[in-house]
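A short write-up of the structure that comes next.
In our numbering, the protein residues as written are 3 to 297.
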């Protein structure tokens, strides 16, 4: 009995650590998870915690060799978890405890893609073309949403547009946090697009960067919104009632797009963010109704 109690306590600690990383109080993701069953909640929280951890490695560790060593460790740990069912980290232990063997195998290619995107971030030298950016976004946000699809009861026809939504969600994140990311040189806008506006990455550090980039960023948001609504329409055509989790994420992303529109996409000199209560209300209402059409 003592051994069982110890295992139960350890699992509870692992789940709590994942929740701390993935579902902080006030976050939209926390509120999107409110309708998940216990099993799905723990698995999705573990996957999001892994996503956050990999992002922290590539965005906060200034020494490349240290960051590279950490990603190498995660590569080995993910291999042991998926191939040998052995967890070397609380996040992976929580994931293994919440999924069965067949589901775990479905996760493998998407986990590999997510790790690959982290390696790309570590070696980031800028994106030359929109196609280069799209490949990165699919491996980053697209793979993350594909992981969620593998866990939730969802029609296979919905998986491609949902994966597209994941890629676009990360593109939206990159836009919203562009002012922060430029400090460590991660400027996701492709060189080809900047050149069309007679700009370069160097201009991002100009004292008048907010003014210089305003037309480009407004066009970027308009293009992003158009692409996002196309993907949402593809989901609605198949099923207006996908899992509540995805409905909440869609509503939250649409709200972020509207927020950036109201701020005139001034993401360089400020960081537009929504209040936690607004995130909660948005996610709560989205879970109770079908996906609405674009406004």
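C-beta: ideal position from N, C-alpha, C; glycine also.
Beta-carbon proximity check, residue i vs residue j, cutoff 8 Å
i	j	result
residue 148	residue 165	yes
residue 223	residue 267	yes
residue 219	residue 269	yes
residue 299	residue 66	In the structure as shown, the chain starts at 3 and stops at 297, and residue 299 therefore has no counterpart that could be examined.
residue 241	residue 160	yes
residue 289	residue 260	no
residue 33	residue 281	yes
residue 27	residue 52	no
residue 114	residue 193	no
residue 198	residue 205	no
residue 99	residue 13	yes
residue 20	residue 37	no
Span of the alpha helix (DSSP H), counted from its first residue to its last, around residue i
i	result
residue 247	246-264
residue 70	66-86
residue 283	278-288
residue 215	211-240
residue 146	145-153
residue 173	161-178
Supposed contact pair residue j and residue i - C-beta distance, whole angstroms, cut 8 Å
i	j	result
residue 145	residue 112	5 Å
residue 49	residue 76	Going by Cβ atoms, the distance from residue 49 to residue 76 rounds to 13 Å, so no, they are not a contact pair.
residue 237	residue 296	Wrong, their Cβ atoms sit about 12 Å apart, outside the cutoff.
residue 31	residue 22	About 13 Å separates the two Cβ atoms, so there is no contact after all.
residue 1	residue 177	Any question about residue 1 goes unanswered here, given that the chain covers just 3 to 297.
residue 226	residue 173	6 Å
residue 245	residue 189	Incorrect: roughly 34 Å between the Cβ atoms, too far for contact.
residue 120	residue 63	Going by Cβ atoms, the distance from residue 120 to residue 63 rounds to 11 Å, so no, they are not a contact pair.
residue 103	residue 90	Actually they do not touch by this definition, with Cβ atoms about 18 Å apart.
residue 101	residue 169	The Cβ separation is near 23 Å, so there is no contact.
residue 273	residue 128	About 22 Å separates the two Cβ atoms, so there is no contact after all.
residue 253	residue 216	Not quite, the Cβ-Cβ distance comes to about 28 Å (not below 8 Å), so this is no contact.
With 16 other Cβ atoms within 10 Å as the buried cut-off, status of residue i
i	result
residue 84	buried
residue 17	buried
residue 256	buried
residue 203	exposed
residue 4	The pLDDT assigned to residue 4 is 48, lower than 50, so where the model puts this residue is not dependable, and the model offers no usable value.
residue 243	exposed
residue 35	buried
residue 187	exposed
residue 142	buried
residue 258	buried
residue 228	exposed
residue 279	exposed
residue 10	exposed
residue 171	buried
residue 133	exposed
residue 15	exposed
Residue i, DSSP secondary structure in three states
i	result
residue 111	helix
residue 100	helix
residue 38	coil
residue 57	helix
residue 116	helix
residue 201	coil
residue 128	coil
residue 31	helix
residue 142	helix
residue 158	helix
residue 191	coil
residue 134	helix
residue 46	helix
residue 274	coil
residue 9	helix
residue 63	coil
residue 92	helix
residue 268	coil
residue 208	coil
residue 182	helix
residue 296	coil
residue 25	coil
Chain B within 8 Å of residue i, Cβ atoms only
i	result
residue 177	The displayed structure is made up of one protein chain only, and chain B is not part of it.
Closer than 7 Å: residue i CB and nearest the ligand SAH heavy atom
i	result
residue 258	The model on display carries no ligand, and the ligand SAH is accordingly not part of it.
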